[in-house]
Amino acid sequence: MSKKLEGNGRWESSRMMLPEHREQYLERREPAKASGPVPVPSKEELELIRDYVLLPMILTIVDKNCKDIELSFYTMKQLYMKASRVLMGHIHNDLTAVRKALKERNIRVFLEESDSEHGAIHYKFICRGYEDRFSMIRDAARAEISVRIAKYISLLFK
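Residue numbers (UniProt numbering): 1 to 158.
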């Protein structure tokens, strides 16, 4: 067989790469080896990661409740719906700010798996080359979401 069909030879022969690009490619693949020890994320960065995980959940819950109210026959449903939409606006603004802060700090978060058996959600995050997992138990997430929604509501009426 020819080299083109063996192993990754097919890919090797079908691309063109300048030596400078090859060096940059190799540096990106293994940044930890090139730069030495990678600093551990700070408490503030870990809180940003937690907010990045929780805020979409909060937004989904508030949106679902707003839709449920819309379909109900409550006499004050217009008030509840408008308050829910204002609340969603505040949550969305916070989520946008968190995403911007993560991007500025070069932090990426990925959903790894959802473990329904143990009731946990696992995320992988990369913070300036430092890779680790972030796990949250569903009950802890629910409790945190309840507290956050209560804070958003109290801010709404101040």
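Backbone N, C-alpha and C define an ideal beta-carbon position, used for all residues, glycine too.
Checklist line | Distance CB(A101)-CB(L48) smaller than 7 angstroms | finding: yes
Next item on the list: Express the C-alpha separation of E131 and F73 in angstroms, rounding to a whole number.
Entry: 50 angstroms
Next item on the list: Just confirm the distance between the C-beta atoms of I58 and R138, as a whole number of angstroms; I'd bet it's less than 8 angstroms.
Entry: With 8 angstroms as the limit, I58 and R138 do not qualify as a contact, their Cβ atoms being about 14 angstroms apart.
Margin query: According to DSSP, R108 sits in a beta bridge with which residue or residues?
Written below: I126
Notebook entry, point to check: For P41, is the classification buried or exposed, using 16 other Cβ atoms within 10 angstroms of its Cβ as the cut-off for buried?
Noted result: buried
Checklist line | N-terminal and C-terminal residue of the alpha helix (DSSP H) that V38 is part of | finding: No alpha helix (DSSP H) contains V38, which DSSP labels as neither H nor E.
Item checked: Beta-carbon proximity list for Y111, same chain, < 7 angstroms, skipping 5 on both sides -> Sequence inspection shows Leu at residue 111; the Tyr mentioned does not correspond to that position. If we look at L111 and ignore the five residues flanking it on each side, its Cβ neighbours are Y123.
Checklist line | Backbone secondary structure at A32 - three-state DSSP | finding: Caution applies to A32, whose pLDDT of 49 falls short of 50 and renders its modelled position unreliable; the model cannot decide the point.
Item checked: Beta-bridge partners of E44, as assigned by DSSP -> DSSP lists no partner for E44.
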